[in-house]
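**Student:** For reference, the structure I am asking about is given below.
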Amino acid sequence: MTAQALPYGPAFGPAILLPVTALLVVPLVIAARRAGSLAGAFVIVALWLRCIAGAYHLYMFKPLAAGLSGNALLSIAVTGFGLLFVVRPPNLALKWLLPVYALVLLALLSAGLNGDAAGGVNAAVKYAYMIVMLIAVFQALRCDPDAHFLSWAMVSFLPLLVFQALSLALNLPKGSEDGGGLVWIGGYNHEAAFSVALLTGFLVGCLARSAPRAPRVAFLLAATLGIFLAGYRTTILALAPLALAIFLIGLTMAVRRDQRAAMAAVAAVAGLMLASVAVLSYGDRFADLAAFLAHPGSLIKPPREFDLIERQIMSARPLIWSSYLYAWADATPLQHLFGLGPESWEGVFKVYPHNTLVGTLYELGWFGVAAMVMLWTVMAAAAASARGERLLLLAAHASFFVLNMATMPFWQVEGLALYGLLCGYTIYSARAAIRPRPEPSRSFAEI
Numbered sequence: 006m007t008a009q010a011l012p013y014g015p016a017f018g019p020a021i022l023l024p025v026t027a028l029l030v031v032p033l034v035i036a037a038r039r040a041g042s043l044a045g046a047f048v049i050v051a052l053w054l055r056c057i058a059g060a061y062h063l064y065m066f067k068p069l070a071a072g073l074s075g076n077a078l079l080s081i082a083v084t085g086f087g088l089l090f091v092v093r094p095p096n097l098a099l100k101w102l103l104p105v106y107a108l109v110l111l112a113l114l115s116a117g118l119n120g121d122a123a124g125g126v127n128a129a130v131k132y133a134y135m136i137v138m139l140i141a142v143f144q145a146l147r148c149d150p151d152a153h154f155l156s157w158a159m160v161s162f163l164p165l166l167v168f169q170a171l172s173l174a175l176n177l178p179k180g181s182e183d184g185g186g187l188v189w190i191g192g193y194n195h196e197a198a199f200s201v202a203l204l205t206g207f208l209v210g211c212l213a214r215s216a217p218r219a220p221r222v223a224f225l226l227a228a229t230l231g232i233f234l235a236g237y238r239t240t241i242l243a244l245a246p247l248a249l250a251i252f253l254i255g256l257t258m259a260v261r262r263d264q265r266a267a268m269a270a271v272a273a274v275a276g277l278m279l280a281s282v283a284v285l286s287y288g289d290r291f292a293d294l295a296a297f298l299a300h301p302g303s304l305i306k307p308p309r310e311f312d313l314i315e316r317q318i319m320s321a322r323p324l325i326w327s328s329y330l331y332a333w334a335d336a337t338p339l340q341h342l343f344g345l346g347p348e349s350w351e352g353v354f355k356v357y358p359h360n361t362l363v364g365t366l367y368e369l370g371w372f373g374v375a376a377m378v379m380l381w382t383v384m385a386a387a388a389a390s391a392r393g394e395r396l397l398l399l400a401a402h403a404s405f406f407v408l409n410m411a412t413m414p415f416w417q418v419e420g421l422a423l424y425g426l427l428c429g430y431t432i433y434s435a436r437a438a439i440r441p442r443p444e445p446s447r448s449f450a451e452i
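Here the sequence shown is numbered in my numbering, starting from 6 and rising by one per residue.
Here is the structure:
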């Protein structure tokens, strides 16, 4: 082990990975057995597998079979199992999934027009993974309207917290993305995927309303601390709407109904004060973001016109975005409409676009951007019509939107799991508002 900060994630060796993984399997098995349905158990195991795979990045990033990496094979296996044994075919016809299917068709069409069938297949598999997670959450809630399985799903994120704690105990940091300090990501490869996975855990904790109060609060605090220790600024910003919402809801629901209006006002003031403290404490880390937002148009220009200082702003994101936008602008009129093909940036640029809209414009053109915006709009509208947890769901969708502005959760499996879980819960809540009587709960054996 070394205390030196590395530009990539320092990995634990098998001597630590294997025994810790064996210990983490025990609570996983208990949680899966108590999930109450096959769909609930599938969600718990799928999330756990995604979290544990990141700790094995030295092995999972390597091609293992048919030129596919271990991560790709794991995602395909989870998706295939879900489609074969978990997803009920009628649920594939949910109307809220139409924008996702539009994105899949556009990815395949763009890949065909650009002569890269493999890119289209890869994109389709990623969206299939999200669809499977979405429907599995939806089905689990139909069997378990009180979301008991989400209380057990907090176990899925123990690998992140345990390995992060080990990286602290063993003094095994990584150099931050902006080069301004150290981050602690538990032997994972990069703070982006690690922190997005922790944000998913935070969302699960927020939605696990049937969990005992003390473990739930402890988990939410641990996930929050973990996100800050990971130091990925985009995820820290994305956490804000969701954290503020659960804070306001928690304070408001802790008092009698006739006192909730007054408590809501007090909670709002307290939330603003906490936000102000956070801004003052971390203002220097977001100073370049403020500079960009003050004059965003001035930093979207031909890449050759960026000076040395401008290239450092926001970890070079304006430079990255400009590179993609001007490359798309130089493409053919047909590519303006359908893009240059999914994952076509690989081999052309060193890094992915770091913005979902920029990346979608480059890969799928104007039609892709329209489909992506439609997906976000449809899901936000479903959240607005949800019953009981409207504020929390709207805040979660706002958090996901913020995440998309400076990274690409649709490119990360962790991000697809996050959005699949959020949308599955949102769709169930929206349908519950229309059909107030839930289906009777069924046992695991009946599924």
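Heads up, the beta-carbon is just placed ideally off N, CA and C, and yes, glycines get one too.
Taking the straight line between their C-alpha atoms, what separation do you get for residue 87 and residue 231?
**Tutor:** Start at 1 with the first residue of the sequence shown, and residue 87 comes out as number 82. Start at 1 with the first residue of the sequence shown, and residue 231 comes out as number 226. Taking the Cα positions, residue 87 is about 30 Å away from residue 231.
**Student:** Just to confirm, is the Cβ distance from residue 214 to residue 152 under 8 Å?
**Tutor:** Your numbering for residue 214 matches position 209 in the sequence shown. Your numbering for residue 152 matches position 147 in the sequence shown. Yes. Within cutoff.
**Student:** What is the DSSP secondary structure of residue 354, reduced to helix, strand or coil?
**Tutor:** Here residue 354 is taken as the residue at index 349 of the sequence shown, counted from 1. Residue 354: strand per DSSP, three-state reduction.
**Student:** Within a Cβ cutoff of 7 Å, which residues of the same chain sit near residue 431, ignoring the five residues on either side of it in sequence?
**Tutor:** Here residue 431 is taken as the residue at index 426 of the sequence shown, counted from 1. Contacts found: 384, 387, 388, 391, 398.
**Student:** In the DSSP assignment, find the beta strand (DSSP E) that holds residue 152 and state where it starts and stops.
**Tutor:** Walking along the sequence shown from the start, residue 152 turns up at place 147. Note, residue 152: premise wrong, no beta strand (DSSP E); not H, not E.
**Student:** State yes or no: is the C-beta of residue 3 within less than 8 Å of the C-beta of residue 357?
**Tutor:** For residue 3 there is no data in the structure shown, the boundaries of the chain being 6 and 452.
**Student:** Does residue 390 come out as helix, strand or coil in the three-state DSSP assignment?
**Tutor:** Here the question's residue 390 lines up with position 385 in the sequence shown. Three-state DSSP puts residue 390 in coil, outside helix and strand.
**Student:** For residue 215, does the three-state DSSP call read helix, strand or coil?
**Tutor:** On the sequence shown, position 210 is the one that residue 215 refers to. The answer is coil: DSSP assigns residue 215 none of H, G, I, E or B.
**Student:** If we count the other Cβ atoms within 10 Å of its Cβ and call it buried at 16 or more, is residue 303 buried or exposed?
**Tutor:** Taking the first residue of the sequence shown as 1, we reach residue 303 at position 298. Under this definition residue 303 is an exposed residue.
**Student:** Using the three-state DSSP reduction, which class does residue 68 fall into: helix, strand or coil?
**Tutor:** Counted from its first residue, the sequence shown places residue 68 at position 63. Strand at residue 68.
**Student:** Identify which residue in 381, 354, 372 has its Cα closest to the Cα of residue 101.
**Tutor:** Along the sequence shown, one-based indexing puts residue 101 at 96. Looking at the Cα atoms, 381 is the closest of the given residues.
**Student:** Name the residue from 365, 195, 164, 163 whose alpha carbon lies nearest to the alpha carbon of residue 178.
**Tutor:** For this step, residue 178 is matched to residue 173 along the sequence shown. Here the closest residue by C-alpha is 195.
**Student:** Given a threshold of 16 other Cβ atoms within 10 Å of its Cβ, counted over all protein chains shown, does residue 162 qualify as buried or as exposed?
**Tutor:** Residue numbering aside, residue 162 sits at position 157 when the sequence shown is read from its first letter. Looking at its Cβ environment, which holds 16 or more other Cβ atoms inside 10 Å, residue 162 is buried.
**Student:** Which partner residues of residue 187 appear in the DSSP bridge assignment?
**Tutor:** Within the sequence shown, residue 187 is the residue found at index 182, counting from 1. Answer by DSSP bridge pairing, in chain order: 180.
**Student:** Quick check on this structure: which residue in 60, 175, 120, 22 has the alpha carbon closest to the alpha carbon of residue 345?
**Tutor:** For the purposes of this step, residue 345 is taken as the residue at position 340 of the sequence shown. Cα-wise, what sits closest to residue 345 is 120.
**Student:** Using only the alpha-carbon positions, how far apart do residue 107 and residue 407 sit?
**Tutor:** Residue mapping note: residue 107 aligns to position 102 of the sequence shown, counting from 1. Residue mapping note: residue 407 aligns to position 402 of the sequence shown, counting from 1. Taking the straight line from one Cα to the other gives about 23 Å.
**Student:** Pull up the distance between the alpha-carbon of residue 98 and that of residue 131, whole angstroms please.
**Tutor:** Locating residue 98 in the sequence shown gives position 93, counting from the first residue. Locating residue 131 in the sequence shown gives position 126, counting from the first residue. Looking at the two C-alpha atoms, the distance is approximately 19 Å.
**Student:** Counting only the same chain and skipping the five closest in sequence on each side, list residues whose C-beta sits under 8 Å from that of residue 205.
**Tutor:** Position 200 of the sequence shown holds residue 205. Excluding sequence neighbours, residue 205 sits near 52, 162, 419, 422, 423, 426.
**Student:** Please classify residue 74: does DSSP put it in a helix, a strand, or coil?
**Tutor:** Taking the first residue of the sequence shown as position 1, residue 74 is located at position 69. Strand at residue 74.
**Student:** Scan the segment 325-377 and note each continuous beta strand (DSSP E) run of 3 residues or more that stays entirely inside, going in chain order.
**Tutor:** none
**Student:** Which residue comes first and which comes last in the alpha helix (DSSP H) that contains residue 402?
**Tutor:** Locating residue 402 in the sequence shown gives position 397, counting from the first residue. Segment 395-411, the alpha helix (DSSP H) holding residue 402.
**Student:** Kindly indicate which three-state DSSP category residue 95 falls into: helix, strand or coil?
**Tutor:** Here residue 95 refers to the residue found at position 90 of the sequence shown. Here residue 95 sits in helix by DSSP.
**Student:** With C-beta atoms as the reference, is residue 41 less than 8 Å away from residue 349?
**Tutor:** Taking the sequence shown and counting its residues from 1, one reaches residue 41 at position 36. Taking the sequence shown and counting its residues from 1, one reaches residue 349 at position 344. No.
**Student:** Could you check the C-alpha separation between residue 144 and residue 433 for me, to the nearest Å?
**Tutor:** The count along the sequence shown starts at 1 and reaches residue 144 at position 139. The count along the sequence shown starts at 1 and reaches residue 433 at position 428. Distance between the alpha carbons of residue 144 and residue 433 is about 8 Å.
**Student:** Would residue 191 and residue 60 qualify as a contact pair, given that the criterion is a beta-carbon distance under 8 Å?
**Tutor:** Start at 1 with the first residue of the sequence shown, and residue 191 comes out as number 186. Start at 1 with the first residue of the sequence shown, and residue 60 comes out as number 55. Yes. Within cutoff.
**Student:** Determine the extent of the alpha helix (DSSP H) in which residue 34 is found, giving its start and end residues.
**Tutor:** Within the sequence shown, numbered from 1, the residue matching residue 34 stands at position 29. Residues 19-38.
**Student:** Relative to the alpha-carbon of residue 19, which residue among 63, 46, 43 has its alpha-carbon at the smallest distance?
**Tutor:** Here the question's residue 19 lines up with position 14 in the sequence shown. Considering only alpha carbons, the answer is 63.
**Student:** Reducing DSSP to helix, strand and coil, say where residue 131 ends up.
**Tutor:** Counted from its first residue, the sequence shown places residue 131 at position 126. Three-state result, residue 131: helix.
**Student:** Hey, how far is the Cα of residue 310 from the Cα of residue 56?
**Tutor:** If you number the sequence shown from 1, residue 310 lands on position 305. If you number the sequence shown from 1, residue 56 lands on position 51. Roughly 41 Å between the two C-alpha positions.
**Student:** State the DSSP-derived secondary structure class of residue 314, mapped to helix, strand or coil.
**Tutor:** One-based indexing of the sequence shown puts residue 314 at position 309. Three-state result, residue 314: coil.
**Student:** Between which residues of its own chain and residue 75 is the CB-CB distance below 8 Å, once the five residues before and five after are set aside?
**Tutor:** Locating residue 75 in the sequence shown gives position 70, where the first residue counts as 1. Same-chain partners within the cutoff: 58, 61, 64, 65, 66, 67, 69.
**Student:** From this set, 171, 314, 133, 254, which residue's C-alpha is nearest residue 416's C-alpha?
**Tutor:** Taking the sequence shown and counting its residues from 1, the one referred to as residue 416 is at position 411. Taking only the C-alpha atoms, the option nearest residue 416 is 133.
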